[in-house]
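Working notes for the structure below.
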Amino acid sequence: MADPELHRPHRMLRRRGAPMLLQRWAWLPAASALVLLLPVLFLHQGVEALPLSTRGRWMVDAVSGQRVKLRCVNWAAHMPAVVPEGLDKQPLDDIVARVAALGFNCVRLTWATYLFTRPRYENLTVAGSLSALGLDEAAAGLAANNPFVSALAVREAYAEVVRAIGEAGLMAVLDNHVSRPQWCCASNDGNGFFGDLFFDPEEWLRGLEAVATRFRGSPQVVGMSMRNELRGANQSEAAWRRYVTRGARTIHRANPDALIIVSGLSYDTDLSFLAARPLPSRFDDKLVLEAHWYSFGKREDWASRSPDRVCADAAREFENRAGFVTRGDDGSSWPLFVSEFGVDQRGTNRADNRFLSCFLAFAAERDLDWGMWALQGSYYWRNGQPGFAETYGVLDANWDLPRNPRFPERFRLIQGMLQDPDSQVPAYLIIYHPLSGQCLLADDTSNVVLGDCRSRSKWSYGGNGTAILSAESSLCLRTVGDGSPVVLSPSCSDDQSAWTMISSSGFRIAGMDAGGSRLCLQGSSGDSPTVETRQCPCLGDPICSENPQRQWFRFVPSNVVV
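The opening position of the sequence shown corresponds to residue 1 in the UniProt record's numbering, with each subsequent residue numbered one higher.
Here it is in C-alpha coordinates:
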(Lines of atoms letter the chains of each structure in order from A and count residues from 1; the text may use other names and numbers.)
(Lines give C-alpha, C1' and ligand atoms only; values in the text may rest on other atoms or scores of the structure.)
Protein backbone atom coordinates (compact mmCIF):
# COMPACT_ATOMS: atom_id res chain seq x y z
CA MET A 1 0.00 0.00 0.00
CA ALA A 2 1.27 3.50 -0.84
CA ASP A 3 2.57 5.64 1.99
CA PRO A 4 0.17 8.60 2.55
CA GLU A 5 3.17 10.64 3.74
CA LEU A 6 5.21 9.86 0.64
CA HIS A 7 6.66 13.32 0.19
CA ARG A 8 7.69 13.79 3.78
CA PRO A 9 11.49 13.33 4.04
CA HIS A 10 12.34 9.99 5.59
CA ARG A 11 15.25 9.45 7.95
CA MET A 12 17.14 6.20 8.08
CA LEU A 13 17.25 4.28 11.34
CA ARG A 14 20.65 4.57 12.97
CA ARG A 15 22.91 1.64 12.22
CA ARG A 16 22.95 -0.93 14.98
CA GLY A 17 25.61 -0.11 17.52
CA ALA A 18 28.55 -2.20 18.63
CA PRO A 19 26.81 -3.81 21.65
CA MET A 20 23.95 -5.19 19.53
CA LEU A 21 26.34 -6.54 16.90
CA LEU A 22 28.51 -8.19 19.53
CA GLN A 23 25.40 -9.85 20.94
CA ARG A 24 24.79 -11.36 17.51
CA TRP A 25 28.18 -13.08 17.64
CA ALA A 26 28.37 -13.94 21.33
CA TRP A 27 29.06 -17.53 20.30
CA LEU A 28 32.18 -16.51 18.36
CA PRO A 29 35.64 -16.14 19.93
CA ALA A 30 36.08 -12.52 20.97
CA ALA A 31 38.84 -11.92 18.42
CA SER A 32 36.68 -13.16 15.55
CA ALA A 33 33.74 -11.02 16.62
CA LEU A 34 36.01 -7.99 16.80
CA VAL A 35 37.36 -8.64 13.29
CA LEU A 36 33.79 -8.60 11.98
CA LEU A 37 32.90 -5.48 13.96
CA LEU A 38 35.89 -3.26 13.15
CA PRO A 39 34.70 -2.22 9.65
CA VAL A 40 31.44 -0.96 11.13
CA LEU A 41 33.28 1.17 13.68
CA PHE A 42 35.54 2.55 10.94
CA LEU A 43 32.87 3.16 8.30
CA HIS A 44 29.94 4.27 10.42
CA GLN A 45 28.89 7.71 9.24
CA GLY A 46 26.02 8.33 11.63
CA VAL A 47 22.45 8.75 10.53
CA GLU A 48 21.92 8.95 6.77
CA ALA A 49 18.87 10.87 5.64
CA LEU A 50 16.80 9.29 2.93
CA PRO A 51 15.62 9.36 0.19
CA LEU A 52 18.58 9.85 -2.13
CA SER A 53 18.89 12.08 -5.17
CA THR A 54 21.69 12.86 -7.61
CA ARG A 55 23.91 15.89 -8.07
CA GLY A 56 26.27 15.66 -11.00
CA ARG A 57 28.23 12.43 -10.61
CA TRP A 58 27.28 11.96 -6.96
CA MET A 59 24.40 10.38 -5.10
CA VAL A 60 23.36 12.63 -2.25
CA ASP A 61 21.06 12.76 0.74
CA ALA A 62 17.96 14.51 -0.61
CA VAL A 63 17.49 16.41 2.65
CA SER A 64 20.97 17.78 3.41
CA GLY A 65 22.61 17.42 0.00
CA GLN A 66 25.57 15.53 1.48
CA ARG A 67 27.12 12.71 -0.50
CA VAL A 68 26.10 9.13 0.33
CA LYS A 69 28.39 6.43 -1.08
CA LEU A 70 26.81 3.08 -1.94
CA ARG A 71 28.98 0.15 -0.91
CA CYS A 72 26.64 -2.74 -1.56
CA VAL A 73 26.64 -6.51 -1.68
CA ASN A 74 24.40 -8.46 -4.04
CA TRP A 75 22.00 -10.94 -2.45
CA ALA A 76 20.30 -13.34 -4.84
CA ALA A 77 16.54 -13.85 -4.62
CA HIS A 78 15.80 -14.44 -8.32
CA MET A 79 16.49 -18.17 -8.53
CA PRO A 80 13.79 -20.85 -9.10
CA ALA A 81 12.76 -20.94 -5.42
CA VAL A 82 12.20 -17.13 -5.54
CA VAL A 83 13.30 -16.98 -1.90
CA PRO A 84 16.35 -14.94 -0.80
CA GLU A 85 19.22 -17.37 -0.48
CA GLY A 86 20.67 -18.51 2.83
CA LEU A 87 17.62 -18.49 5.07
CA ASP A 88 18.13 -22.24 5.49
CA LYS A 89 21.60 -21.61 6.92
CA GLN A 90 21.29 -18.72 9.40
CA PRO A 91 18.61 -16.55 11.03
CA LEU A 92 17.66 -13.58 8.87
CA ASP A 93 18.65 -10.98 11.47
CA ASP A 94 22.08 -12.62 11.82
CA ILE A 95 22.65 -12.47 8.06
CA VAL A 96 21.86 -8.76 7.78
CA ALA A 97 23.98 -8.08 10.88
CA ARG A 98 26.91 -9.80 9.15
CA VAL A 99 26.37 -7.61 6.09
CA ALA A 100 26.66 -4.48 8.24
CA ALA A 101 29.64 -5.85 10.17
CA LEU A 102 31.56 -6.52 6.96
CA GLY A 103 31.41 -2.83 6.10
CA PHE A 104 28.56 -2.73 3.60
CA ASN A 105 25.84 -0.10 3.90
CA CYS A 106 23.58 -1.47 1.19
CA VAL A 107 22.13 -4.67 -0.28
CA ARG A 108 21.33 -5.06 -3.96
CA LEU A 109 18.52 -7.58 -3.59
CA THR A 110 17.59 -9.32 -6.82
CA TRP A 111 14.07 -10.27 -7.91
CA ALA A 112 12.36 -11.99 -10.83
CA THR A 113 9.51 -10.32 -12.71
CA TYR A 114 7.29 -13.40 -12.54
CA LEU A 115 7.34 -13.31 -8.74
CA PHE A 116 5.23 -10.15 -8.83
CA THR A 117 3.22 -10.72 -12.02
CA ARG A 118 2.27 -14.40 -12.20
CA PRO A 119 -0.75 -15.73 -10.26
CA ARG A 120 1.04 -18.93 -9.21
CA TYR A 121 3.19 -16.93 -6.80
CA GLU A 122 0.33 -15.12 -5.06
CA ASN A 123 -0.27 -17.82 -2.46
CA LEU A 124 2.80 -20.03 -2.91
CA THR A 125 4.51 -20.39 0.48
CA VAL A 126 8.23 -20.55 1.04
CA ALA A 127 7.93 -24.11 2.32
CA GLY A 128 5.81 -25.02 -0.70
CA SER A 129 8.28 -23.47 -3.14
CA LEU A 130 11.23 -25.39 -1.71
CA SER A 131 9.28 -28.63 -1.50
CA ALA A 132 8.12 -28.30 -5.11
CA LEU A 133 11.79 -28.29 -6.14
CA GLY A 134 12.53 -31.33 -4.02
CA LEU A 135 14.63 -29.27 -1.61
CA ASP A 136 13.54 -30.96 1.60
CA GLU A 137 16.86 -30.37 3.37
CA ALA A 138 16.72 -26.65 2.59
CA ALA A 139 13.08 -26.52 3.73
CA ALA A 140 14.04 -28.15 7.04
CA GLY A 141 16.96 -25.76 7.50
CA LEU A 142 14.77 -22.76 6.81
CA ALA A 143 12.12 -24.00 9.23
CA ALA A 144 14.80 -24.36 11.92
CA ASN A 145 16.56 -21.03 11.35
CA ASN A 146 13.64 -18.85 10.25
CA PRO A 147 10.43 -20.62 11.25
CA PHE A 148 8.31 -17.47 10.82
CA VAL A 149 9.36 -17.31 7.14
CA SER A 150 8.42 -20.87 6.15
CA ALA A 151 4.67 -20.24 6.18
CA LEU A 152 4.88 -16.88 4.45
CA ALA A 153 3.95 -16.48 0.81
CA VAL A 154 7.09 -16.00 -1.27
CA ARG A 155 6.25 -12.35 -1.99
CA GLU A 156 5.85 -11.70 1.73
CA ALA A 157 9.16 -13.44 2.42
CA TYR A 158 10.88 -11.07 0.00
CA ALA A 159 9.27 -8.12 1.79
CA GLU A 160 10.40 -9.56 5.14
CA VAL A 161 14.01 -9.53 3.96
CA VAL A 162 13.61 -5.92 2.79
CA ARG A 163 12.28 -5.09 6.25
CA ALA A 164 15.24 -6.76 7.96
CA ILE A 165 17.68 -4.89 5.74
CA GLY A 166 16.18 -1.59 6.86
CA GLU A 167 16.12 -2.56 10.53
CA ALA A 168 19.85 -3.33 10.33
CA GLY A 169 20.42 0.27 9.21
CA LEU A 170 21.19 -0.79 5.64
CA MET A 171 19.88 0.60 2.37
CA ALA A 172 18.34 -1.59 -0.32
CA VAL A 173 18.50 -1.47 -4.11
CA LEU A 174 15.89 -3.79 -5.64
CA ASP A 175 17.30 -5.27 -8.82
CA ASN A 176 15.09 -6.77 -11.54
CA HIS A 177 17.50 -9.55 -12.43
CA VAL A 178 15.44 -11.80 -14.72
CA SER A 179 11.85 -12.36 -15.80
CA ARG A 180 11.52 -16.13 -15.41
CA PRO A 181 13.22 -17.21 -12.16
CA GLN A 182 16.51 -18.87 -13.07
CA TRP A 183 20.27 -18.48 -12.98
CA CYS A 184 21.54 -15.51 -14.96
CA CYS A 185 22.97 -14.85 -17.52
CA ALA A 186 23.37 -16.69 -20.81
CA SER A 187 23.08 -14.81 -24.07
CA ASN A 188 20.29 -17.12 -25.29
CA ASP A 189 18.42 -17.86 -22.04
CA GLY A 190 15.29 -16.00 -23.11
CA ASN A 191 15.76 -13.39 -20.40
CA GLY A 192 18.30 -11.17 -22.12
CA PHE A 193 16.49 -8.39 -23.97
CA PHE A 194 13.07 -6.86 -24.49
CA GLY A 195 10.96 -9.23 -26.58
CA ASP A 196 12.97 -12.38 -25.80
CA LEU A 197 11.09 -15.60 -25.01
CA PHE A 198 10.60 -14.86 -21.30
CA PHE A 199 11.03 -11.09 -21.45
CA ASP A 200 7.68 -9.55 -22.35
CA PRO A 201 8.19 -5.76 -22.07
CA GLU A 202 4.62 -5.10 -20.95
CA GLU A 203 4.84 -7.71 -18.20
CA TRP A 204 8.21 -6.27 -17.18
CA LEU A 205 6.64 -2.83 -16.81
CA ARG A 206 3.84 -4.30 -14.69
CA GLY A 207 6.47 -5.91 -12.49
CA LEU A 208 8.36 -2.64 -12.07
CA GLU A 209 5.15 -0.87 -11.13
CA ALA A 210 4.17 -3.57 -8.65
CA VAL A 211 7.52 -3.54 -6.85
CA ALA A 212 7.89 0.25 -6.88
CA THR A 213 4.39 0.61 -5.46
CA ARG A 214 4.77 -2.14 -2.87
CA PHE A 215 7.94 -0.61 -1.38
CA ARG A 216 6.98 3.03 -1.79
CA GLY A 217 6.62 3.43 1.97
CA SER A 218 9.93 1.68 2.78
CA PRO A 219 12.59 4.37 3.20
CA GLN A 220 15.42 1.84 3.14
CA VAL A 221 14.57 1.10 -0.51
CA VAL A 222 16.67 3.87 -2.00
CA GLY A 223 16.66 2.64 -5.58
CA MET A 224 15.39 0.23 -8.19
CA SER A 225 17.76 -1.31 -10.70
CA MET A 226 15.61 -1.46 -13.82
CA ARG A 227 17.03 -4.61 -15.44
CA ASN A 228 20.19 -6.64 -15.01
CA GLU A 229 22.62 -7.30 -17.86
CA LEU A 230 20.66 -6.59 -21.03
CA ARG A 231 22.22 -8.76 -23.73
CA GLY A 232 21.79 -11.11 -26.67
CA ALA A 233 21.25 -11.07 -30.40
CA ASN A 234 18.13 -8.92 -30.20
CA GLN A 235 19.64 -5.98 -28.33
CA SER A 236 19.64 -2.58 -29.99
CA GLU A 237 20.18 1.00 -28.90
CA ALA A 238 16.80 2.11 -30.29
CA ALA A 239 14.89 -0.49 -28.27
CA TRP A 240 17.03 0.25 -25.22
CA ARG A 241 16.13 3.94 -25.32
CA ARG A 242 12.45 3.24 -25.88
CA TYR A 243 12.02 0.79 -23.03
CA VAL A 244 14.42 2.43 -20.58
CA THR A 245 12.40 5.62 -20.90
CA ARG A 246 9.15 3.74 -20.28
CA GLY A 247 10.66 1.85 -17.36
CA ALA A 248 12.00 5.01 -15.77
CA ARG A 249 8.61 6.71 -16.08
CA THR A 250 6.90 3.68 -14.56
CA ILE A 251 9.20 3.56 -11.53
CA HIS A 252 9.16 7.32 -11.00
CA ARG A 253 5.40 7.54 -11.21
CA ALA A 254 4.94 4.70 -8.71
CA ASN A 255 7.70 5.77 -6.31
CA PRO A 256 9.11 9.27 -6.85
CA ASP A 257 11.57 8.81 -3.96
CA ALA A 258 13.46 5.91 -5.52
CA LEU A 259 16.64 6.24 -7.54
CA ILE A 260 16.15 4.82 -11.04
CA ILE A 261 19.22 2.72 -11.87
CA VAL A 262 19.77 2.02 -15.57
CA SER A 263 22.02 -0.65 -17.07
CA GLY A 264 23.63 -0.51 -20.48
CA LEU A 265 23.99 -3.09 -23.22
CA SER A 266 26.21 -6.16 -23.65
CA TYR A 267 25.92 -7.56 -20.13
CA ASP A 268 25.90 -4.08 -18.62
CA THR A 269 29.37 -3.28 -19.94
CA ASP A 270 28.47 -0.72 -22.59
CA LEU A 271 27.11 2.80 -22.12
CA SER A 272 29.35 4.25 -24.83
CA PHE A 273 26.41 5.28 -27.03
CA LEU A 274 25.47 7.87 -24.38
CA ALA A 275 28.60 9.87 -25.21
CA ALA A 276 27.01 11.09 -28.41
CA ARG A 277 23.43 11.25 -27.16
CA PRO A 278 22.82 11.31 -23.39
CA LEU A 279 19.50 10.44 -21.88
CA PRO A 280 17.25 13.51 -22.12
CA SER A 281 15.77 13.45 -18.63
CA ARG A 282 17.11 13.02 -15.12
CA PHE A 283 13.66 12.31 -13.68
CA ASP A 284 13.89 14.92 -10.95
CA ASP A 285 17.53 14.06 -10.24
CA LYS A 286 16.81 10.38 -9.67
CA LEU A 287 18.59 8.72 -12.60
CA VAL A 288 21.77 6.66 -11.99
CA LEU A 289 23.72 4.67 -14.58
CA GLU A 290 25.18 1.29 -13.74
CA ALA A 291 27.92 -0.95 -15.12
CA HIS A 292 29.48 -4.33 -14.37
CA TRP A 293 33.16 -5.26 -14.37
CA TYR A 294 34.63 -8.76 -14.01
CA SER A 295 37.67 -10.60 -15.31
CA PHE A 296 35.31 -12.42 -17.71
CA GLY A 297 36.24 -12.05 -21.36
CA LYS A 298 39.90 -11.48 -20.51
CA ARG A 299 40.43 -14.49 -18.25
CA GLU A 300 43.21 -15.98 -20.37
CA ASP A 301 44.94 -12.61 -20.66
CA TRP A 302 44.76 -11.99 -16.92
CA ALA A 303 46.18 -15.45 -16.23
CA SER A 304 48.99 -15.48 -18.78
CA ARG A 305 49.96 -11.96 -19.83
CA SER A 306 51.68 -9.21 -17.87
CA PRO A 307 49.07 -7.69 -15.52
CA ASP A 308 50.54 -4.24 -16.23
CA ARG A 309 49.40 -4.38 -19.83
CA VAL A 310 46.13 -6.23 -19.22
CA CYS A 311 45.10 -3.84 -16.45
CA ALA A 312 45.92 -0.81 -18.59
CA ASP A 313 43.82 -2.20 -21.45
CA ALA A 314 40.94 -3.22 -19.18
CA ALA A 315 40.84 0.14 -17.39
CA ARG A 316 40.90 2.02 -20.68
CA GLU A 317 38.07 -0.11 -22.05
CA PHE A 318 35.96 0.37 -18.92
CA GLU A 319 36.54 4.11 -19.03
CA ASN A 320 35.58 4.36 -22.71
CA ARG A 321 32.47 2.20 -22.32
CA ALA A 322 31.18 3.35 -18.94
CA GLY A 323 33.50 5.37 -16.70
CA PHE A 324 33.35 8.43 -18.93
CA VAL A 325 29.83 9.25 -17.71
CA THR A 326 31.25 10.60 -14.41
CA ARG A 327 33.58 13.03 -16.17
CA GLY A 328 31.22 15.27 -18.12
CA ASP A 329 31.59 19.03 -17.98
CA ASP A 330 28.97 21.73 -17.48
CA GLY A 331 26.62 19.55 -15.49
CA SER A 332 26.67 16.65 -17.95
CA SER A 333 28.18 14.06 -15.61
CA TRP A 334 26.09 11.24 -14.14
CA PRO A 335 26.44 8.97 -11.12
CA LEU A 336 27.89 5.58 -12.02
CA PHE A 337 27.08 2.60 -9.82
CA VAL A 338 29.33 -0.41 -10.53
CA SER A 339 26.55 -2.66 -9.34
CA GLU A 340 28.49 -5.86 -9.92
CA PHE A 341 32.12 -6.79 -9.63
CA GLY A 342 33.49 -9.89 -8.00
CA VAL A 343 36.16 -12.55 -7.72
CA ASP A 344 36.63 -16.05 -6.41
CA GLN A 345 36.87 -15.30 -2.68
CA ARG A 346 39.03 -18.39 -2.03
CA GLY A 347 42.00 -16.61 -3.60
CA THR A 348 42.86 -19.56 -5.84
CA ASN A 349 41.91 -18.09 -9.23
CA ARG A 350 44.98 -16.52 -10.84
CA ALA A 351 43.01 -14.38 -13.29
CA ASP A 352 40.60 -13.10 -10.63
CA ASN A 353 43.42 -12.32 -8.21
CA ARG A 354 45.20 -10.16 -10.76
CA PHE A 355 41.98 -8.50 -11.89
CA LEU A 356 41.03 -7.61 -8.32
CA SER A 357 44.14 -5.50 -7.69
CA CYS A 358 43.43 -3.61 -10.91
CA PHE A 359 39.79 -3.04 -9.99
CA LEU A 360 40.53 -1.94 -6.43
CA ALA A 361 43.04 0.64 -7.62
CA PHE A 362 40.64 2.04 -10.22
CA ALA A 363 37.67 2.04 -7.82
CA ALA A 364 39.70 3.82 -5.12
CA GLU A 365 41.13 6.43 -7.48
CA ARG A 366 37.65 7.26 -8.81
CA ASP A 367 35.87 6.64 -5.50
CA LEU A 368 33.18 4.63 -7.25
CA ASP A 369 29.88 3.51 -5.79
CA TRP A 370 29.75 -0.26 -6.13
CA GLY A 371 28.02 -3.57 -5.44
CA MET A 372 30.02 -6.76 -4.90
CA TRP A 373 28.86 -10.07 -6.29
CA ALA A 374 27.86 -11.69 -4.03
CA LEU A 375 26.77 -12.22 -0.44
CA GLN A 376 25.53 -15.80 -0.80
CA GLY A 377 27.88 -18.58 0.16
CA SER A 378 25.51 -21.17 -1.27
CA TYR A 379 22.23 -21.58 -3.15
CA TYR A 380 19.16 -23.64 -2.39
CA TRP A 381 19.55 -25.06 -5.88
CA ARG A 382 21.75 -24.18 -8.85
CA ASN A 383 23.01 -26.06 -11.90
CA GLY A 384 20.95 -29.07 -10.89
CA GLN A 385 22.68 -29.30 -7.51
CA PRO A 386 21.10 -28.65 -4.10
CA GLY A 387 23.29 -26.56 -1.80
CA PHE A 388 25.53 -25.40 -4.66
CA ALA A 389 28.52 -23.48 -3.23
CA GLU A 390 29.16 -19.95 -4.53
CA THR A 391 32.92 -19.39 -4.64
CA TYR A 392 32.32 -15.69 -5.35
CA GLY A 393 30.34 -15.53 -2.11
CA VAL A 394 31.58 -13.18 0.59
CA LEU A 395 30.22 -15.62 3.18
CA ASP A 396 31.17 -19.26 3.38
CA ALA A 397 28.80 -22.11 2.54
CA ASN A 398 27.34 -22.02 6.06
CA TRP A 399 26.80 -18.25 5.86
CA ASP A 400 28.54 -17.56 9.17
CA LEU A 401 32.09 -16.36 8.37
CA PRO A 402 33.82 -14.56 5.49
CA ARG A 403 35.10 -17.01 2.89
CA ASN A 404 38.23 -14.83 2.69
CA PRO A 405 39.52 -14.28 6.25
CA ARG A 406 41.31 -11.10 5.13
CA PHE A 407 38.19 -9.64 3.57
CA PRO A 408 37.88 -6.59 5.89
CA GLU A 409 41.47 -5.51 5.26
CA ARG A 410 41.47 -6.10 1.51
CA PHE A 411 38.33 -4.05 0.78
CA ARG A 412 38.53 -1.44 3.52
CA LEU A 413 39.78 1.51 1.47
CA ILE A 414 37.06 1.35 -1.19
CA GLN A 415 34.43 0.97 1.53
CA GLY A 416 35.24 4.42 2.87
CA MET A 417 34.27 7.72 1.28
CA LEU A 418 37.39 9.19 -0.30
CA GLN A 419 35.98 12.20 -2.13
CA ASP A 420 33.43 14.56 -0.65
CA PRO A 421 32.16 17.23 -3.07
CA ASP A 422 31.41 19.56 -0.14
CA SER A 423 34.57 19.00 1.90
CA GLN A 424 36.60 21.93 3.17
CA VAL A 425 39.60 19.67 3.83
CA PRO A 426 42.60 20.40 1.56
CA ALA A 427 43.12 17.69 -1.03
CA TYR A 428 45.89 15.16 -0.43
CA LEU A 429 47.03 11.83 -1.85
CA ILE A 430 46.82 8.33 -0.44
CA ILE A 431 49.45 5.86 -1.66
CA TYR A 432 47.52 2.62 -2.01
CA HIS A 433 48.88 -0.92 -2.39
CA PRO A 434 45.92 -2.82 -3.88
CA LEU A 435 47.50 -6.28 -3.64
CA SER A 436 47.45 -6.10 0.16
CA GLY A 437 44.63 -3.57 0.55
CA GLN A 438 46.98 -1.48 2.68
CA CYS A 439 48.24 2.10 2.47
CA LEU A 440 51.68 3.62 2.69
CA LEU A 441 52.22 5.29 6.03
CA ALA A 442 55.01 6.77 8.07
CA ASP A 443 54.99 5.24 11.53
CA ASP A 444 55.84 7.01 14.79
CA THR A 445 59.59 6.57 14.16
CA SER A 446 59.39 7.76 10.52
CA ASN A 447 59.73 4.28 9.10
CA VAL A 448 57.85 3.82 5.83
CA VAL A 449 55.56 0.80 6.04
CA LEU A 450 52.34 -0.66 4.70
CA GLY A 451 49.54 -0.45 7.22
CA ASP A 452 45.82 -0.33 7.73
CA CYS A 453 44.26 2.36 5.56
CA ARG A 454 42.35 3.67 8.58
CA SER A 455 45.60 5.26 9.76
CA ARG A 456 46.94 6.18 6.33
CA SER A 457 49.41 9.02 5.85
CA LYS A 458 48.81 12.02 3.59
CA TRP A 459 51.17 12.65 0.68
CA SER A 460 51.70 15.14 -2.12
CA TYR A 461 53.31 14.58 -5.50
CA GLY A 462 54.01 17.04 -8.29
CA GLY A 463 54.32 14.55 -11.13
CA ASN A 464 57.09 12.62 -12.85
CA GLY A 465 60.57 13.54 -11.72
CA THR A 466 59.47 15.22 -8.50
CA ALA A 467 59.58 14.25 -4.83
CA ILE A 468 56.85 12.42 -2.95
CA LEU A 469 56.37 14.58 0.11
CA SER A 470 54.74 13.84 3.41
CA ALA A 471 51.88 16.30 3.80
CA GLU A 472 52.37 16.12 7.56
CA SER A 473 56.13 16.92 7.67
CA SER A 474 58.91 18.36 5.52
CA LEU A 475 60.23 14.88 4.69
CA CYS A 476 60.10 12.92 1.43
CA LEU A 477 60.49 9.35 0.23
CA ARG A 478 64.04 8.42 -0.73
CA THR A 479 65.66 5.36 -2.28
CA VAL A 480 68.66 3.69 -0.63
CA GLY A 481 69.38 0.68 -2.80
CA ASP A 482 68.11 -2.56 -4.30
CA GLY A 483 66.46 -4.55 -1.52
CA SER A 484 66.74 -1.77 1.04
CA PRO A 485 63.74 -0.18 2.77
CA VAL A 486 62.64 3.17 1.40
CA VAL A 487 63.21 5.96 3.92
CA LEU A 488 61.86 9.38 4.83
CA SER A 489 64.49 12.02 4.36
CA PRO A 490 64.90 15.82 4.55
CA SER A 491 66.96 15.61 1.31
CA CYS A 492 64.33 16.11 -1.37
CA SER A 493 66.10 17.68 -4.33
CA ASP A 494 68.35 15.01 -5.84
CA ASP A 495 67.74 11.95 -8.05
CA GLN A 496 67.26 9.62 -5.10
CA SER A 497 64.19 11.61 -4.10
CA ALA A 498 62.73 11.97 -7.61
CA TRP A 499 59.99 9.53 -8.53
CA THR A 500 58.31 8.62 -11.82
CA MET A 501 55.19 6.59 -12.62
CA ILE A 502 56.21 3.87 -15.05
CA SER A 503 54.72 0.78 -16.77
CA SER A 504 51.73 0.68 -19.05
CA SER A 505 49.39 0.46 -16.06
CA GLY A 506 50.93 3.55 -14.41
CA PHE A 507 50.89 1.62 -11.14
CA ARG A 508 54.62 1.38 -10.51
CA ILE A 509 56.57 4.17 -8.85
CA ALA A 510 60.27 4.23 -9.73
CA GLY A 511 63.23 6.14 -8.36
CA MET A 512 67.02 6.02 -8.74
CA ASP A 513 69.63 4.71 -6.33
CA ALA A 514 73.00 6.40 -5.81
CA GLY A 515 74.45 4.46 -8.74
CA GLY A 516 71.75 5.55 -11.17
CA SER A 517 69.86 2.26 -11.28
CA ARG A 518 66.10 2.48 -11.57
CA LEU A 519 64.25 0.80 -8.72
CA CYS A 520 60.54 0.40 -7.94
CA LEU A 521 58.67 0.64 -4.67
CA GLN A 522 57.69 -2.85 -3.57
CA GLY A 523 55.71 -4.31 -0.70
CA SER A 524 57.52 -7.08 1.10
CA SER A 525 56.30 -10.65 0.89
CA GLY A 526 54.24 -12.32 3.60
CA ASP A 527 53.00 -10.22 6.48
CA SER A 528 56.02 -7.93 6.67
CA PRO A 529 55.00 -4.25 6.56
CA THR A 530 58.32 -3.15 5.06
CA VAL A 531 58.36 -1.19 1.80
CA GLU A 532 61.52 -1.70 -0.23
CA THR A 533 62.91 -0.61 -3.55
CA ARG A 534 63.65 -3.38 -6.03
CA GLN A 535 64.43 -3.81 -9.69
CA CYS A 536 61.37 -3.35 -11.92
CA PRO A 537 60.57 -6.58 -13.82
CA CYS A 538 58.45 -7.06 -16.91
CA LEU A 539 58.48 -3.50 -18.21
CA GLY A 540 57.38 -3.56 -21.83
CA ASP A 541 57.03 -7.35 -21.90
CA PRO A 542 53.37 -8.32 -22.50
CA ILE A 543 53.98 -12.03 -21.82
CA CYS A 544 56.27 -11.68 -18.82
CA SER A 545 55.68 -14.64 -16.49
CA GLU A 546 56.55 -12.72 -13.34
CA ASN A 547 53.68 -11.01 -11.54
CA PRO A 548 54.72 -7.44 -10.68
CA GLN A 549 51.70 -6.63 -8.50
CA ARG A 550 53.76 -6.42 -5.32
CA GLN A 551 55.09 -3.25 -6.97
CA TRP A 552 51.66 -1.84 -7.74
CA PHE A 553 50.95 1.42 -5.93
CA ARG A 554 48.34 3.99 -6.83
CA PHE A 555 48.02 7.66 -5.96
CA VAL A 556 44.45 8.06 -4.75
CA PRO A 557 43.13 11.61 -4.31
CA SER A 558 41.12 12.36 -1.18
CA ASN A 559 39.73 15.32 0.73
CA VAL A 560 38.12 13.64 3.73
CA VAL A 561 39.25 13.64 7.33
CA VAL A 562 41.37 10.62 8.21
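Beta carbons are placed, not taken as given, at the ideal position from N, Cα and C, and that holds for glycine.
- Message: What does the Cβ neighbour count give for Q424, buried or exposed, with the cut at 16 atoms within 10 Å?
- Response: exposed
- Query: On the premise that Q522 lies in contact with L435, defined as a C-beta separation below 8 Å, what is that separation, rounded to the nearest angstrom?
  - Reply: Not confirmed; about 10 Å, so no contact.
- Item | Enclosing alpha helix (DSSP H) for V99 [first to last residue] | 92–101
- Hey, could you find the ends of the alpha helix (DSSP H) R246 is sitting in? 237–254
- Task: Assign V556 to one of three DSSP states: helix, strand, or coil.
- Result: strand
- Tell me whether R456 counts as near the ligand HEM, meaning its Cβ is closer than 7 Å to at least one heavy atom of that ligand. The model depicted lacks the ligand HEM and carries no ligand whatsoever.
- Message: Mapping the DSSP letters down to three states, classify N157 as helix, strand or coil.
- Response: The question names Asn, yet the displayed sequence has Ala at residue 157. Helix at A157.
- Tell me where the alpha helix (DSSP H) around G371 begins and ends. It is not in any alpha helix (DSSP H) - G371 instead sits in the beta strand (DSSP E) that spans 369–372.
- Where A210 and V310 are concerned, what is the direct C-alpha to C-alpha distance, given to the nearest angstrom? 43 Å
- State buried or exposed for D136, treating a residue as buried only when at least 16 other CB atoms are found within 10 Å of its CB. exposed
- Query: Within this structure, are the beta carbons of L265 and V325 separated by less than 8 Å?
  - Reply: no
- Can you list, in chain order, the stretches of the alpha helix (DSSP H) that have 4 or more residues and sit fully within the region 99–143? 113–117, 126–132
- Query: Tell me which same chain residues have a C-beta within less than 6 Å of the C-beta of T479, skipping the five on either side of it?
  - Reply: Q496, G511, D513, L519, T533
- Query: Do you know how far the Cα of A172 is from the Cα of L259?
  - Reply: 11 Å
- Give the DSSP-derived three-state secondary structure of Q549 in the structure shown. helix
- To the nearest angstrom, how far is it from the Cα of R366 to the Cα of P426? 17 Å
- Task: Could you tell me if R321 is buried or exposed, where buried requires 16 or more neighbouring beta carbons within 10 angstroms of its beta carbon?
- Result: buried
- Kindly indicate which three-state DSSP category G166 falls into: helix, strand or coil? helix
- Buried or exposed by the 16-neighbour rule on C-beta atoms within 10 Å, applied to I468: buried
- Going straight from the alpha carbon of S470 to that of C476, what length do you get? 6 Å
- Message: Using DSSP's beta-bridge definition, name the partner residues of Y428.
- Response: S558
- Message: Rounded to the nearest angstrom, what separates V244 and L271 at their Cα positions?
- Response: 13 Å
- Minimum length 4: unbroken alpha helix (DSSP H) runs contained in the region 345–426: 350–366, 407–415
- Go ahead and pull the three-state DSSP assignment for V63. coil
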